[in-house]
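Let me begin by presenting the structure, written as structure tokens, before commenting on it.
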Amino acid sequence: MNLLKQKIGILGGGQLGRMLIEEALRLNVNVNILENSKDCPCYHLAHEFIEGSLTDEAKIMELSAMSDVLTFEIEHVNTEALIKLEDEGKTIIPSPRMLQIIQDKGLQKQYYTEHHVPTAPYFLVNNKSEWNEAITKLETEKFVAKTRKDGYDGRGVTILNSQVILADNSLIPYDVPCLLEAFVPCEKEISIIVAQDIFGTTVAYEAVEMEFEPEANLVTYLFSPADISKQMAEKAKFVAIQTINQFKSPGVFAVEMFITLNGDILVNEIAPRPHNSGHHTIEASYTSQYEQLTRIVLGLPVGCVGLIKPAAMINLLGDKSFSGAYAIKNLDQLHHIEGVYLHLYDKKESKPMRKMGHITVLANSTEEVKAKATKVMNLVSFEPIK
Ligand code: ADP
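Position in the sequence shown counted from 1, then plus 2, gives you our numbering.
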């Protein structure tokens, strides 16, 4: 295969696209981007850049015409247009039909139930009037309400107390179609990056364990391998691979899972693209999640997923106290620490909790990597530029 002649088109020009371009360029593959605005992380790196909405069919057709294969780095795109293209013979990875299921948290959950993927009990509701019945049937002290569409990074997700909502329906936060799900008291939250090539080979990376920023519900740092037993790690990989195999689509996926207090594994959700929980694979794995997707869309077999060293990844999130031009303090000090890799996403303005970059740290053990991650987190901070 002549990689040089291949052009990948990506719907979306955010940091995931940017990191995919970085890896694709290493393989001498060009990447075309469709994104709303030139003020995005991919603009300066794209081979061709189309400014336009990810739901605009004409723009998607334009991207398709200049690209050999298409993929996406965000779920909120026009799937009907992609399905039309796929039916005309265009290669789109992952399959837009899978994306259609994933885009709707209700359909995603139903798909899990139909395909025996272990997941938390749930009910679907269309509007406020259906909440009481669903909450009563769930029979849990707490539940999680999720809007079926357009939520991301914790937006459109609220943890609620059943009795409080039953006593006062005016506290119901959403009056749109929702998924009401039993709250899972869990031991750990983990994620596994799974890759499937066009030949149907499916591989899973080592599990990563997540730490969350409680207020915004964003991952603040993660580490891999997760601090779980060997058996649990194998079980989690098995569930992740089985889950992805149900969808019969090539691509790179993040399977987010809960390990319950009883040691059961429940699938929370799938991201059908490279994921925050796989950033560390750039330095820590033999094949990064971005090279993996590049290989898969070009029809190559999946690469080796082994972890070279224990790793942690810290999201550099915009400070909660301001929006606007920014400087990052103490970055110079990072260079004195061995095994620290800085990634900046070229975002012009900081906003509260916005993902501005990340730092990967490598070490020889999980303990060492966690200590190093904490040190790095305490060092770096954002400040406004006047
Ligand atoms: P998003 O698509 O916005 O990432 P998620 O469904 O992943 O939304 O939920 C965000 C976070 O909320 C999860 O990572 C987890 O911390 C918490 N959460 C979601 N569902 C449950 C649940 N059923 N039980 C306990 N916590 C949950």
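All C-beta atoms in this analysis are idealised placements derived from N, C-alpha and C, irrespective of residue type, glycine included.
All values derive from a computational prediction rather than experimental measurement.
1. Please confirm whether Met-259 and Ser-193 have their CB atoms less than 8 Å apart.
2. Can you have a look at Leu-140 and say buried or exposed, based on whether 16 or more other CB atoms are within 10 angstroms of its CB?
3. Go ahead and pull the three-state DSSP assignment for Tyr-385.
4. Compare the beta carbon distance of Lys-190 and Arg-150 with 8 Å and say whether it is the shorter of the two.
5. Spatial neighbours of Gln-248 within its chain, please: C-beta separation below 6 Å, excluding the five flanking residues on both sides.
6. Can you give me the Cβ contacts of Leu-336 inside the same chain, cut-off strictly under 8 Å, excluding the 5 residues immediately before and after it?
7. In chain order, what residues of the same chain have a beta carbon less than 8 Å from the beta carbon of Pro-1, not counting five sequence neighbours either side?
8. Does the Cβ-Cβ distance between Gly-54 and Ile-35 come in under 8 Å?
9. Out of Met-63, Asp-348, Asp-170, point me to the one whose CA is closest to Leu-84's CA.
10. Along the beta strand (DSSP E) that carries Ile-12, what are the first and last residues, could you check?
11. Do the stretch 196 to 213 and the stretch 296 to 313 touch if we need at least three Cβ pairs shorter than 8 Å?
12. Please classify Ile-75: does DSSP put it in a helix, a strand, or coil?
13. Restricting to Cα atoms, I'd like to know which of Glu-369, Tyr-347, Ile-330, Leu-346 is closest to Lys-311.
14. Please list the segments of the alpha helix (DSSP H) lying wholly inside the stretch 219 to 299, counting only runs of 4 or more residues, in order along the chain.
15. Nearest-angstrom Cα distance between Asn-171 and Asn-366?
16. State the DSSP-derived secondary structure class of Tyr-114, mapped to helix, strand or coil.
17. When DSSP builds the beta bridges, which residues end up paired with Gln-198?
18. Using only the alpha-carbon positions, how far apart do Lys-7 and Ser-97 sit?
19. Pick out whichever of Leu-224, Trp-133, Ser-290 has its Cα sitting closest to the Cα of Tyr-176.
20. Candidates Ala-136, Met-212, Leu-309, Glu-208: which alpha carbon is nearest Leu-181's?
21. Any chance the CB of Asn-278 is under 7 Å from a heavy atom of the ligand PLP?
22. Based on Cα-Cα distance, which residue from Ile-95, Gly-14, Tyr-113, Lys-357 lies nearest to His-78?
23. Please report the distance separating the alpha-carbon of Pro-123 from that of Arg-275.
24. Given the structure, does Ala-184 come close to the ligand ADP, in the sense that its CB is under 7 Å from one of the ligand's heavy atoms?
25. Buried or exposed for Ser-287, going by 16 or more other Cβ atoms inside 10 Å?
26. Candidates Leu-173, Leu-224, Thr-204: which alpha carbon is nearest Met-212's?
27. Using only the alpha-carbon positions, how far apart do Val-363 and Ala-375 sit?
28. Is the separation between the beta-carbon of Ala-238 and that of His-282 shorter than 8 Å?
29. What does a CB cutoff of less than 6 Å around Gln-102 pick up in its chain, not counting 5 residues either side in sequence?
30. Which residues in the same chain as Glu-208 place their Cβ atom closer than 6 Å to its Cβ, once the five residues preceding and following it in sequence are excluded?
31. Is the beta carbon of Lys-108 within less than 7 Å of some heavy atom of the ligand ADP?
32. Figure out for me which residue from Thr-93, Thr-142, Ile-330, His-338 has the closest Cα to the Cα of Pro-386.
33. If you reduce the DSSP assignment to three classes, tell me which class Lys-151 lands in.
34. Tell me the rounded alpha-carbon separation between Ile-243 and Ser-39.
35. For the beta strand (DSSP E) that Asn-34 lies in, which residues bound it at each end?
36. State yes or no: is the C-beta of Asn-38 nearer than 7 Å to some heavy atom of the ligand ADP?
Checking against the coordinates, here is how it stands:
1. Position 257 of the sequence shown, counted from the start, is the residue given in the question as residue 259. Position 191 of the sequence shown, counted from the start, is the residue given in the question as residue 193. In this structure, Ser-193 lies closer than 8 Å to Met-259 by Cβ.
2. One-based indexing of the sequence shown puts residue 140 at position 138. Burial call: buried.
3. Locating residue 385 in the sequence shown gives position 383, counting from the first residue. As written in the sequence, residue 385 is Glu, which differs from the Tyr given in the question. Strand.
4. Here residue 190 corresponds to residue number 188 of the sequence shown, with the count starting at 1. Here residue 150 corresponds to residue number 148 of the sequence shown, with the count starting at 1. Contact: no.
5. Taking the sequence shown and counting its residues from 1, the one referred to as residue 248 is at position 246. Once the five neighbours on either side are set aside, the close Cβ partners of Gln-248 are His-117.
6. Translated into positions along the sequence shown, residue 336 becomes position 334. For Leu-336, where only same-chain residues beyond five positions count, the Cβ hits under 8 Å are Val-342, Leu-344, Ile-361, Val-378, Leu-381, Val-382.
7. Residue 1 lies beyond the range of the chain shown here (3 to 388); nothing can be said about it.
8. Counted from its first residue, the sequence shown places residue 54 at position 52. Counted from its first residue, the sequence shown places residue 35 at position 33. No, Cβ-Cβ distance for Gly-54 and Ile-35 is not below 8 Å.
9. Position 82 of the sequence shown, counted from the first residue, corresponds to residue 84. The residue from Met-63, Asp-348, Asp-170 with its alpha-carbon nearest to that of Leu-84 is Met-63.
10. Working through the sequence shown from its first residue, we reach residue 12 at position 10. Its beta strand (DSSP E) spans residues 9 to 13.
11. yes
12. Numbered from 1 along the sequence shown, position 73 holds the residue referred to as residue 75. Checking the sequence, you will find Glu at residue 75 rather than Ile. In this structure, Glu-75 counts as coil in the three-state DSSP scheme.
13. Position 309 of the sequence shown holds residue 311. Closest option to Lys-311, Cα to Cα, is Glu-369.
14. 232 to 249, 283 to 286, 291 to 299
15. Within the sequence shown, numbered from 1, the residue matching residue 171 stands at position 169. Within the sequence shown, numbered from 1, the residue matching residue 366 stands at position 364. Whole-angstrom Cα-Cα distance: 52 Å.
16. Mapped onto the sequence shown, residue 114 falls at position 112. Helix, per DSSP.
17. On the sequence shown, residue 198 is found 196 positions in, with the first residue counted as 1. Partner(s): Thr-204, Gly-253.
18. Start at 1 with the first residue of the sequence shown, and residue 7 comes out as number 5. Start at 1 with the first residue of the sequence shown, and residue 97 comes out as number 95. Whole-angstrom Cα-Cα distance: 23 Å.
19. Position 174 of the sequence shown, counting from 1, holds the residue named residue 176. Cα-wise, what sits closest to Tyr-176 is Trp-133.
20. Within the sequence shown, residue 181 is the residue found at index 179, counting from 1. Taking only the C-alpha atoms, the option nearest Leu-181 is Ala-136.
21. Absence of the ligand PLP from the depicted structure is noted, with the ligand ADP being the only ligands included.
22. Along the sequence shown, one-based indexing puts residue 78 at 76. When each option's Cα is compared against that of His-78, the closest is Gly-14.
23. Your numbering for residue 123 matches position 121 in the sequence shown. Your numbering for residue 275 matches position 273 in the sequence shown. Computed Cα separation, rounded: 25 Å.
24. Counting from 1 along the sequence shown, the entry for residue 184 is found at position 182. Yes; taking the cut-off as 7 Å, the Cβ of Ala-184 has a heavy atom of the ligand ADP nearer than that.
25. One-based indexing of the sequence shown puts residue 287 at position 285. Ser-287 should be labelled buried.
26. Your numbering for residue 212 matches position 210 in the sequence shown. Checking every option, the nearest Cα to that of Met-212 belongs to Leu-224.
27. Here residue 363 refers to the residue found at position 361 of the sequence shown. Here residue 375 refers to the residue found at position 373 of the sequence shown. Pairing Val-363 with Ala-375, the inter-Cα distance amounts to about 7 Å.
28. Reading the sequence shown from its first residue, position 236 is the one you call residue 238. Reading the sequence shown from its first residue, position 280 is the one you call residue 282. Not a contact, by the Cβ cut-off of 8 Å.
29. The count along the sequence shown starts at 1 and reaches residue 102 at position 100. Excluding residues within five positions, the ones whose Cβ falls inside 6 Å are Thr-81.
30. Stepping through the sequence shown from its first residue, residue 208 is reached at position 206. Excluding sequence neighbours, Glu-208 sits near Ser-226, Pro-227, Leu-309.
31. In the sequence shown, residue 108 corresponds to position 106, counting from 1. Reading the sequence as shown, one finds Gly at residue 108 and not Lys. No, the Cβ of Gly-108 stays beyond 7 Å of every heavy atom of the ligand ADP.
32. In the sequence shown, the residue the question calls residue 386 occupies position 384. The shortest Cα separation from Pro-386 among Thr-93, Thr-142, Ile-330, His-338 belongs to Ile-330.
33. Counting from one through the sequence shown, the residue named residue 151 turns up at place 149. Reduced to three states, the DSSP call for Lys-151 is coil.
34. Reading the sequence shown from its first residue, position 241 is the one you call residue 243. Reading the sequence shown from its first residue, position 37 is the one you call residue 39. For Ile-243 and Ser-39, the distance between alpha carbons rounds to 36 Å.
35. Here residue 34 refers to the residue found at position 32 when the sequence shown is read from its first residue. Looking at the DSSP string, the run of the beta strand (DSSP E) that includes Asn-34 is 32 to 37.
36. On the sequence shown, position 36 is the one that residue 38 refers to. Checking every heavy atom of the ligand ADP against the Cβ of Asn-38, none is found closer than 7 Å.
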